[in-house]
Amino acid sequence: MPAERNSSPALVYVCNRRYLYLGRSRLLIRDLHSGAAALLVCLEGEVRFRAPGHEQWLSSASVLIPAGSRIAIDNRDAVLASCYLDAGRPDFALLRRQMAATCQGIHYHHRQGDYLAQELTRLRDEAPDFAEAQQRVEQMLYREACLPLPEVDPRVTQVVERLRTSAALNTSVGALAAEVGLSESGLIKLFALQVGVPLRRHRLWYRLIDFVRLTLAGMPAGEAIKVAGFSDAAHLSRCYSGFFGVNHSYAFSPKTHVRYVVPDETGPRPMSARMASLVTDSGSHAVEAGGARYP
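Quick note on the numbering used here: the sequence shown kicks off at -8 and runs consecutively.
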């Protein structure tokens, strides 16, 4: 259920590297089929989940979900934080080393789960600006890192960066492969191996982030859908509910008490100068669902 309007809002740091949700209430989410890997941490209680092909429900205060996984979630007894991970960095491989259990490819029971919950709760309550929040998440994720760090193939990193900056363009897989000196089939295999999800589905993740940023900047939803690269509203709706576990209409409803913090960046390209001006500001800023802007 949404938090009461006179309480502090949930917090969302909108980023195409590490997208962070810090909840305050028991917001029920649906089954997930994300285009990006995610770490779920319970700030209160535990979450129940069921892995693909597994009948038994499991409980944990922390769950690491590989990109592309389908997972059933029951978080009625938990207040969640979700961190969608940077595919261009070894976030997922590093965290996988720190999880104590695995079921059907879903990892759970982070060995420093209490520390994660404390740090994320502090981050939510202090609500720092965008740059500080991202720095603190980086320090939190890599605190227990053991050298050598897992490596991400530089060709995959290059393709991920291209997707981030040009998600709205339908650049062919063949063209992306040529840019990094691979065959189309070679890139498809390498990308799926390292990122865990097909390239085209991962591109949808960046389109979704672009859509969120454009919407928060005031662009009408229909226009934002097209600029971000979605075919229509139904396509956007399916991706939003699959990736985040909640309906787009709920997430941006005036009744949903959430504060979005966005960076000082220009929006997705290509776009007109007028559109670009919608998503450019001096420093990070926050927008509350329902349209109220905060300095």
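Where is the CB? At the ideal position from N, CA and C, for every residue including glycine.
Test item: CB-CB of residue i and residue j under 8 Å
i: A136; j: L85; result: yes
i: L132; j: L71; result: no
i: S49; j: C94; result: Before going on, a small fix: residue 49 reads as Leu here, not Ser. The answer is yes: Cβ separation under 8 Å.
Rounded distance between the beta-carbons of residue j and residue i, thought under 8 Å
i: G26; j: V128; result: Contact doesn't hold; Cβ gap of about 20 Å is too wide.
i: Y75; j: R134; result: Contact flag wrong, Cβ pair sits at about 19 Å.
i: A42; j: I62; result: 6 Å
Reference residue i, options the options, closest by Cα
i: L160; options: G213, A219 and M131; result: A219
i: R115; options: L13, Q185, D255 and V253; result: L13
i: Y251; options: G213, I200 and E152; result: I200
i: P254; options: A122, P141, S240 and S228; result: A122
i: L178; options: V32, D144 and A158; result: D144
i: T148; options: A78, A92 and K217; result: A78
i: A141; options: Q89, A168, R153 and V38; result: Checking the displayed sequence, the identity of residue 141 turns out to be Pro instead of Ala. P141 has its Cα closest to that of Q89, out of Q89, A168, R153 and V38.
i: L154; options: R194, S176, E117 and S174; result: R194
Continuous alpha helix (DSSP H) stretch holding residue i: start and end
i: V203; result: L190 to L207
i: A166; result: V164 to E170
i: M210; result: Run containing M210: none; DSSP gives neither H nor E here.
i: E175; result: E175 to V186
Local Cβ density within 10 Å of residue i, reported as buried at 16 or more and exposed below that
i: C6; result: buried
i: S232; result: buried
i: R21; result: exposed
i: V3; result: buried
i: Q185; result: buried
i: W313; result: Lying outside -8 to 286, the shown extent of the chain, residue 313 is not represented and no answer is given.
i: P139; result: exposed
i: R102; result: exposed
i: L19; result: exposed
i: P261; result: Reliability of the predicted coordinates at P261 is poor, the pLDDT of 39 falling under 50, and the value obtained from them is presented with this limitation in mind. Result: exposed.
i: P81; result: buried
i: P259; result: Because the pLDDT at P259 is just 44, under 50, the model does not fix this residue reliably, and the point stays unresolved.
Range covered by the beta strand (DSSP E) that runs through residue i
i: I97; result: I97 to H101
i: I64; result: R61 to D65
i: I56; result: S53 to I56
i: V252; result: V249 to V253
i: V3; result: A1 to Y4
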